[in-house]
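K.L.:
Below you will find the structure I want to go over with you.
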Amino acid sequence: MVEHRTLSPLNSSPHHIFKIGYKDYLTLPVSTDNKSFNPSQSSFELLAGASRLSDGGRHGVPFTFIHCAADQSIDCNWIEKNLKTWLHVDDVFCHDFLIAVIFVVREGSRIDLAALSRGMQENWGTRWCTVISQQSVPLGNCSGPHVFWKGEIWKAYRLYDDVNETFMTSIRASSNFGSFQALRVSGDFYQSLSVAVPSRIQPPELDNKPLQGIRFAVKDVFEIEGLRVTAGSRAFYSVSKSSRATAPSIQRLIDAGGMLLGTLKLGSLIAREEPSESVDYHAAFNPRGDGYQSAWSSSGGCGAASASYDWIDFTLGTDTTGSSRRPALANGTFQIRLSHNVLSMEGVVASFPPFDAPAMFARNIVNLEDWVSVWIDAAKGSYDKLPISLIYLQDFLPVENKVQMQHVDKFISDFESTYGIKTEKVSLAKIWHAAPPIGADDPCLQSFLKDVGLNSFCYGTYRCFDRFRCEYWERFGKLPYVNPVTRWRW
Numbered sequence: 001m002v003e004h005r006t007l008s009p010l011n012s013s014p015h016h017i018f019k020i021g022y023k024d025y026l027t028l029p030v031s032t033d034n035k036s037f038n039p040s041q042s043s044f045e046l047l048a049g050a051s052r053l054s055d056g057g058r059h060g061v062p063f064t065f066i067h068c069a070a071d072q073s074i075d076c077n078w079i080e081k082n083l084k085t086w087l088h089v090d091d092v093f094c095h096d097f098l099i100a101v102i103f104v105v106r107e108g109s110r111i112d113l114a115a116l117s118r119g120m121q122e123n124w125g126t127r128w129c130t131v132i133s134q135q136s137v138p139l140g141n142c143s144g145p146h147v148f149w150k151g152e153i154w155k156a157y158r159l160y161d162d163v164n165e166t167f168m169t170s171i172r173a174s175s176n177f178g179s180f181q182a183l184r185v186s187g188d189f190y191q192s193l194s195v196a197v198p199s200r201i202q203p204p205e206l207d208n209k210p211l212q213g214i215r216f217a218v219k220d221v222f223e224i225e226g227l228r229v230t231a232g233s234r235a236f237y238s239v240s241k242s243s244r245a246t247a248p249s250i251q252r253l254i255d256a257g258g259m260l261l262g263t264l265k266l267g268s269l270i271a272r273e274e275p276s277e278s279v280d281y282h283a284a285f286n287p288r289g290d291g292y293q294s295a296w297s298s299s300g301g302c303g304a305a306s307a308s309y310d311w312i313d314f315t316l317g318t319d320t321t322g323s324s325r326r327p328a329l330a331n332g333t334f335q336i337r338l339s340h341n342v343l344s345m346e347g348v349v350a351s352f353p354p355f356d357a358p359a360m361f362a363r364n365i366v367n368l369e370d371w372v373s374v375w376i377d378a379a380k381g382s383y384d385k386l387p388i389s390l391i392y393l394q395d396f397l398p399v400e401n402k403v404q405m406q407h408v409d410k411f412i413s414d415f416e417s418t419y420g421i422k423t424e425k426v427s428l429a430k431i432w433h434a435a436p437p438i439g440a441d442d443p444c445l446q447s448f449l450k451d452v453g454l455n456s457f458c459y460g461t462y463r464c465f466d467r468f469r470c471e472y473w474e475r476f477g478k479l480p481y482v483n484p485v486t487r488w489r490w
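By the UniProt record's numbering, the letter at position 337 of the sequence shown is numbered 337, and the numbering carries on one by one without gaps.
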């Protein structure tokens with residue numbers, strides 16, 4: 001007998017929480033109308049007593065959908081190969097879901113059900129098998145683990161605790177297509193959320209999607225349809241409204257097959273914020289070192305989540321003046337900040353638009369290249385026309401750190417010899433001094449530009465939040481609380 005709870009979130013269908021062994025699971029209804037799919041309910045009921053799922057004597061049966069491609073020869077060898085692959089790559093699927101199996105085939109396909117049933121029983125302990133046509137499967141169904149309970153089909157999700165408190169909210173798909181809502185399930189760790197993770201097993205129809213089975217989460221500055229943005233600030237959240245659409249830069253990943261798990265924590269109002277300053281929402285825990293190092297910010301939740309959890313493939317943040325580069329360094333992950341204007345920043349809370357850019361975090365640099373290519377829709381290929389030279393700016397080097405300079409020089413030397421490219425060393429300060437612009441009285445570039453970058457940034461980021469301050473004042477009759485760094489900038 002296993003613990004089994006039924007919860008009814010606001011304005012949605014119920015979901016069920018149960019255990020298989022040490023693993024926590026959640027089920028969500030596949031469709032509000034299951035009339036199109038009617039396998040013999042009595043067959044399932046015969047299995048209920050042997051099922052490991054229980055609810056006060058009322059039993060649910062875990063089962064697996066196996067979708068078969070139109071041109072696929074279905075035999076025990078094919079099934080054996082696929083199931084072993086699924087058990088290796090998918091943390092949601094497990095042997096318990098093979099107590100019953102439903103093969104989904106194209107209309108007119110031939111399959112020896114008797115032989116398959118014998119093979120499944122001998123090799124996997126399966127109690128019951130059947131075959132249905134693809135046209136009979138309810139909308140939204142897919143391959144992989146499900147649960148049959150009270151005459152309905154439920155999709156199984158693995159529940160993981162956000163033990164390092166990196167998530168602002170975990171989500172579930174809404175009944176409205178393309179929309180999301182907060183999951184509202186807490187974890188065993190106090191103040192932590194549970195995250196519902198979908199199976200990586202997808203039907204053959206999605207094989208052409210480059211991000212099929214890939215999971216990701218995003219910094220809570222990207223608008224997600226049905227959710228309210230916090231921007232890491234309770235004051236900002238108090239005046240924000242449910243987003244009517246998902247940010248285009250996120251939607252293109254979902255359209256490519258990516259599975260969104262939720263939104264991640266950040267420094268308040270996209271600013272630098274250390275854990276001791278995180279008064280609105282607890283800072284994410286950096287998993288490196290003793291577990292109490294700063295995750296840095298503002299995309300600290302993105303860096304910490306990427307480093308902490310192998311059930312997330314990549315995370316998405318933003319970078320203006322280092323907001324993603326610093327967390328990648330602190331949390332020990334790979335990260336790439338896209339060039340400005342490569343992707344639309346529509347539906348993203350702005351910090352300083354001239355510098356704002358999206359960024360991606362991942363633990364594997366090879367996969368990072370593949371996922372970024374999908375994100376920016378870049379075609380891979382070889383390029384015969386190499387650049388003539390590599391520009392080596394000398395103004396910003398750590399010249400006092402001899403060890404680091406040795407690594408820099410060694411990298412440049414290796415790069416030159418590998419690609420047959422000569423390095424061109426350039427000093428902006430020397431160029432300025434040799435030919436300063438008209439009206440520039442100071443021959444020193446650094447002195448001339450002393451406060452230009454800082455003042456421009458502070459002015460720009462202040463103006464980005466004009467509307468927020470006005471709306472907050474109109475509603476509450478006071479200015480919003482902001483952290484010390486933001487107060488200094490403003």
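Ideal Cβ positions, reconstructed from N, Cα and C, are used throughout, including at glycine.
1) Report the partner residues of M120 according to the DSSP bridge assignment.
2) Could you name each continuous alpha helix (DSSP H) segment of 4 residues or more that falls completely within the segment 180-258, going from the start of the chain to the end?
3) Within 10 Å of its beta-carbon, does V229 have 16 or more other beta-carbons around it, so buried, or fewer, so exposed?
4) Grouping DSSP H, G and I as helix and E and B as strand, with all else coil, what is F18?
5) With a cut-off of 8 Å on the beta carbons, I'd call V195 and Y160 a contact; round off their distance for me.
6) Is DSSP giving D96 helix, strand or coil here?
7) Less than 8 Å between the CB atoms is what I'm expecting for residue 491 and G257, so what's the real figure, rounded?
8) Using 10 angstroms around the beta-carbon of H16, count the other beta-carbons present and answer buried if the total reaches 16, otherwise exposed.
9) Out of W296, I270 and D313, which has the shortest C-alpha to C-alpha gap to R487?
10) Closer than 8 Å is the cut-off here; do at least three beta carbon pairs connect the segment 471-481 with the segment 339-359?
11) R363: which of S389, I376, F334 and H407 sits nearest, CA to CA?
12) Do you know offhand how far V349's Cα is from A357's?
13) Quick one: residues in its chain with C-beta nearer than 6 Å to the C-beta of S308, no 5 flanking neighbours on either side, listed in chain order?
14) What is the DSSP secondary structure of K23, counted as helix, strand or coil?
15) Which whole-angstrom value is the C-beta distance of I66 and V101, which I expect to be below 8 Å?
16) What are the uninterrupted segments assigned as alpha helix (DSSP H) that are 4 or more residues long and contained completely in the segment 350-429, given in chain order?
17) Under the rule that 16 or more other beta-carbon atoms within 10 Å means buried, what is M405, buried or exposed?
18) Would P354 be called buried (16 or more neighbouring beta carbons within 10 Å of its own) or exposed?
19) Closest to A328 by C-alpha separation, out of L338, W311 and W296, would be which residue?
20) Cβ atoms of F468 and V239: under 8 Å apart, would you say?
21) Y160 bridges to which residues according to DSSP?
22) Taking the continuous beta strand (DSSP E) assigned at C129, which residues delimit it?
23) Distance, Cα to Cα, A115 vs I74?
24) Between the C-alpha atoms of I171 and W86, what's the straight-line distance to the nearest angstrom?
25) Distance check for S278 and residue 493, CA to CA, integer angstroms please.
26) Quick one: measure Cβ to Cβ for L316 and V399, integer angstroms, because I've assumed they're closer than 8 Å.
27) Our contact map puts Q394 next to V426 with C-beta atoms below 8 Å; I'd like the distance itself, whole angstroms only.
28) Taking the runs of the alpha helix (DSSP H) that are 4 residues or longer, which of them lie wholly in the segment 269-303?
29) Taking a contact to mean a Cβ-Cβ separation below 8 Å, would you say V197 touches Y157 in this structure?
30) Rounding to the nearest angstrom, what Cα-Cα distance links C302 and L183 in this structure?
31) At which residues does the alpha helix (DSSP H) containing I79 begin and terminate?
32) Here's a check: name, in chain order, each residue in its chain whose Cβ is nearer than 7 Å to the Cβ of Y481, leaving out the five neighbours to either side.
33) Going by CA-CA distance only, name the one from Q134, C470, F465 and G460 that's closest to V105.
34) To the nearest angstrom, how far is it from the Cα of G267 to the Cα of T126?
35) Rounded to the nearest angstrom, how far is the Cβ of L390 from that of F415, given a contact under 8 Å?
36) Starting from R467, trace the alpha helix (DSSP H) in both directions and tell me its first and last residue.
P.N.:
Inspection of the coordinates gives the following:
1) Reading the sequence shown from its first residue, position 120 is the one you call residue 120. Partner(s): none; M120 has no beta bridge.
2) 234-239 and 248-255
3) As a position in the sequence shown, residue 229 is number 229, starting the count at 1. Buried is the call here.
4) By one-based count along the sequence shown, residue 18 stands at place 18. Correct three-state label for F18: strand.
5) Reading the sequence shown from its first residue, position 195 is the one you call residue 195. Reading the sequence shown from its first residue, position 160 is the one you call residue 160. That belief holds up - the Cβ atoms of V195 and Y160 are roughly 5 Å apart, short of 8 Å.
6) Here residue 96 refers to the residue found at position 96 when the sequence shown is read from its first residue. It is helical.
7) No information on residue 491 is available, as it lies outside the stretch 1 to 490 that the chain covers here.
8) Position 16 of the sequence shown, counting from 1, holds the residue named residue 16. Buried: at least 16 other Cβ atoms inside 10 Å.
9) Within the sequence shown, numbered from 1, the residue matching residue 487 stands at position 487. Out of W296, I270 and D313, I270 has the C-alpha closest to the C-alpha of R487.
10) no
11) The residue you call residue 363 lines up with position 363 of the sequence shown. That would be F334, whose Cα lies nearest to the Cα of R363.
12) In the sequence shown, counting from the first residue as 1, residue 349 sits at position 349. In the sequence shown, counting from the first residue as 1, residue 357 sits at position 357. Going by the C-alpha atoms only, they are around 11 Å apart.
13) Here residue 308 corresponds to residue number 308 of the sequence shown, with the count starting at 1. Here the set comprises N164 and P287.
14) On the sequence shown, position 23 is the one that residue 23 refers to. Three-state result, K23: strand.
15) In the sequence shown, residue 66 corresponds to position 66, counting from 1. In the sequence shown, residue 101 corresponds to position 101, counting from 1. Sure, about 6 Å apart at Cβ, within 8 Å.
16) 365-375 and 402-419
17) If you number the sequence shown from 1, residue 405 lands on position 405. Exposed, since its Cβ has fewer than 16 Cβ neighbours within 10 Å.
18) Position 354 of the sequence shown holds residue 354. P354 comes out exposed.
19) Reading the sequence shown from its first residue, position 328 is the one you call residue 328. Selected option, being the one with the closest Cα: W296.
20) Taking the sequence shown and counting its residues from 1, the one referred to as residue 239 is at position 239. Taking the sequence shown and counting its residues from 1, the one referred to as residue 468 is at position 468. Going by C-beta atoms, V239 is nearer than 8 Å to F468.
21) Residue 160 sits at position 160 when you count from the first residue of the sequence shown. Paired residue(s): V195.
22) As a first step, residue 129 is located in the sequence shown; it is residue number 129 there, counting from the start. Start and end: W128 to S133.
23) The sequence position of residue 115 within the sequence shown is 115, counting from 1. The sequence position of residue 74 within the sequence shown is 74, counting from 1. Those two C-alpha atoms are separated by around 10 Å.
24) Within the sequence shown, the letter at position 171 stands for residue 171. Within the sequence shown, the letter at position 86 stands for residue 86. Each residue's alpha carbon lies about 24 Å from the other.
25) Outside the displayed range of the chain (1 to 490) lies residue 493, so it cannot be described from this structure.
26) As a working mapping, residue 316 is identified with position 316 in the sequence shown. As a working mapping, residue 399 is identified with position 399 in the sequence shown. With a Cβ gap of about 35 Å, L316 and V399 do not count as contacting.
27) Here residue 394 corresponds to residue number 394 of the sequence shown, with the count starting at 1. Here residue 426 corresponds to residue number 426 of the sequence shown, with the count starting at 1. The pair is a contact, with the Cβ atoms about 7 Å apart (cut-off 8 Å).
28) none
29) Position 197 of the sequence shown, counted from the start, is the residue given in the question as residue 197. Position 157 of the sequence shown, counted from the start, is the residue given in the question as residue 157. For V197 and Y157, yes; Cβs fall inside 8 Å.
30) In the sequence shown, residue 302 corresponds to position 302, counting from 1. In the sequence shown, residue 183 corresponds to position 183, counting from 1. If you take the alpha carbons of C302 and L183, they lie about 19 Å apart.
31) Taking the first residue of the sequence shown as position 1, residue 79 is located at position 79. Note, I79: alpha helix (DSSP H), C76 to V89.
32) Within the sequence shown, numbered from 1, the residue matching residue 481 stands at position 481. Cβ neighbours of Y481 beyond the five flanking positions: A235.
33) On the sequence shown, residue 105 is found 105 positions in, with the first residue counted as 1. Residue Q134 is the option with its Cα nearest to V105.
34) Numbered from 1 along the sequence shown, position 267 holds the residue referred to as residue 267. Numbered from 1 along the sequence shown, position 126 holds the residue referred to as residue 126. Those two C-alpha atoms are separated by around 50 Å.
35) Numbered from 1 along the sequence shown, position 390 holds the residue referred to as residue 390. Numbered from 1 along the sequence shown, position 415 holds the residue referred to as residue 415. At roughly 7 Å, the Cβ-Cβ gap stays under 8 Å, so L390 and F415 are in contact.
36) Counted from its first residue, the sequence shown places residue 467 at position 467. First-last of the alpha helix (DSSP H) with R467: D466 to F476.
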